[in-house]
Each structure stands twice: as structure tokens, then as C-alpha cells.
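Take a look at the structure set out below.
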Amino acid sequence: MGGRGVLFAVTEVDGSRLLAAVDDAEVMAVVEEVEERWEPAWLVEVDKAWDALHRCLTDGTLTYDGGEYPLSHAILGGYLLHEGDEYVVSYVAPDEVRAVAAALAPLPAEWVRERFGALEFVEYDGAADEDDIAYTQGFLPGLRDFYRCAADAGRAVIFTVDP
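Counted the way the working numbering counts, the sequence shown spans residues -15 to 147.
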């Protein structure tokens, strides 16, 4: 999956609208509104590193249910809101956001390097070389800070990517 991933800390109103959406079109209407607002304080871009980050935070696979909670919910985990193949939208509830934030807090950037070495990334499109590891490591501090802010504000988080 080669799209650029973004996580948004959504308001209670947007979260409720997303959970109440009856189909992909309604989900995307809300996501588009959130994206159009583009509030830098309430988002983090993980670019194409989202794939490797998710694998590092889980069991090395690119699946929605791999790995152990709460780290499994940082990127692709949580509740899948979009059913089509053309877009991914996953939702993490505010109480889960707090758990993810607590689990991410102690992880140093060097942890990413250790995970690259410890896990087999099945069907991974990245190079898994020094540049790829450094690139992925660079996104962990921002992801940690983002989840901490979202948790402090009691917000839910959505991950979006156009694979």
C-alpha cells in the first residue's frame, strides 16, 4: 500500500457522525470535511511510513487485526469504517486513544530499528534498509505526541489512507 497516511483527532460530533454513517459515501463525506479543515494541531501526517510503522507496532503484518492491543490500534487497528478497497478509514475511540498514547509514550525512536530487525515484514514494498528504517523512525515522535494530545483532549482518532 503506497498512499500517504494521515491521522486526525476528531471532535465528538465528527466521531458520532462517522459511527452513525450507514455506508462508505457517508463516511467519506465526514472524512472530507475533516480533511478540508486541516487543523494542524489535530492531525499527524505519517506519509508512506504508516505501513512500516503499523508493522513495527504489531506483528510485522499489514492487517487490521494483527499484533496486540493497544499498539495494534495506533494505525490500522480499531474499528474499520470504510468497507471499499479504494480508501481506508479506521476509528479509535477516546478510551482506546488513551491506551494507545500510554503504550507509545515510552517507545524511543531506536525501538523502530529493533522491530525492523526482530520482525519479518511479509509482502512489504519498502526496502527495509538503513534509509527506510531512519525514515520510519522519524515519524514515531510525532505519532507519540499526536496520541498524547488527542488523549489529553478526549478525542477519538481516525487513520485515513488512499492505498
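The beta carbon of each residue, even a glycine, is placed where N, CA and C say it ideally should be.
### Task
Give the range of the beta strand (DSSP E) segment to which Val144 is assigned.
Note that residue 144 corresponds to Thr in the displayed sequence, not to Val. Per DSSP, Thr144 belongs to the beta strand (DSSP E) from 140 to 145.
### Query
In the DSSP assignment, what residue or residues form a beta bridge with Ser74?
Leu64, Phe143
### Cutoff 7 Å; reference Ala33; Cβ partners in own chain excluding five residues on either side
Tyr119, Thr120, Phe123
### Task
Return helix, strand or coil for Met(-15), following the three-state DSSP convention.
Below a pLDDT of 50, predicted positions are generally treated as unreliable, and Met(-15), at 49, falls in that range; the measurement from the model is reported next regardless. Coil.
#### Entry: Secondary structure of Phe123, DSSP reduced to three states
coil
### Query
Would the beta-carbon of Ala85 fall within 8 Å of that of Ala13?
no
### Boundaries (first-last residue) of the beta strand (DSSP E) holding Asp69
That residue, Asp69, is in no beta strand (DSSP E); it is neither H nor E in DSSP.
### Task
Please report the Cβ distance between Leu41 and Val(-10), rounded to the nearest whole angstrom; I am assuming they are in contact, meaning their Cβ atoms lie under 8 Å.
So it is not a contact: roughly 17 Å between Cβ atoms.
### Message
So, under 8 Å CB-CB, Phe130 and Ile117 are touching, yes? Tell me the CB distance rounded to an integer number of Å.
### Response
Not a contact, Cβ separation roughly 21 Å.
### Query
Where do the N-terminal and C-terminal ends of the alpha helix (DSSP H) with Glu(-4) fall, by residue?
-4 to 4
### Message
Comparing C-alpha positions only, which one of Phe105, Val73, Leu37 sits nearest to Glu10?
### Response
Val73
### Query
What's the gap between the Cα of Val141 and the Cα of Asp115?
29 Å
### Task
Could you tell me how far apart the beta carbons of Val145 and Arg(-12) are, in whole angstroms, since I believe they sit closer than 8 Å?
7 Å
### Task
Whole angstroms is fine: what's the gap from Glu16's alpha carbon to Pro78's?
21 Å
### Three-state secondary structure (DSSP) of Glu29
strand
### Message
Going by DSSP in three states, Phe(-8) sits in which element: helix, strand or coil?
### Response
strand
### Message
With a threshold of 7 Å (Cβ to nearest heavy atom), would Leu55 be considered close to the ligand ATP?
### Response
The ligand ATP is not part of the structure shown, which contains no ligands of any sort.
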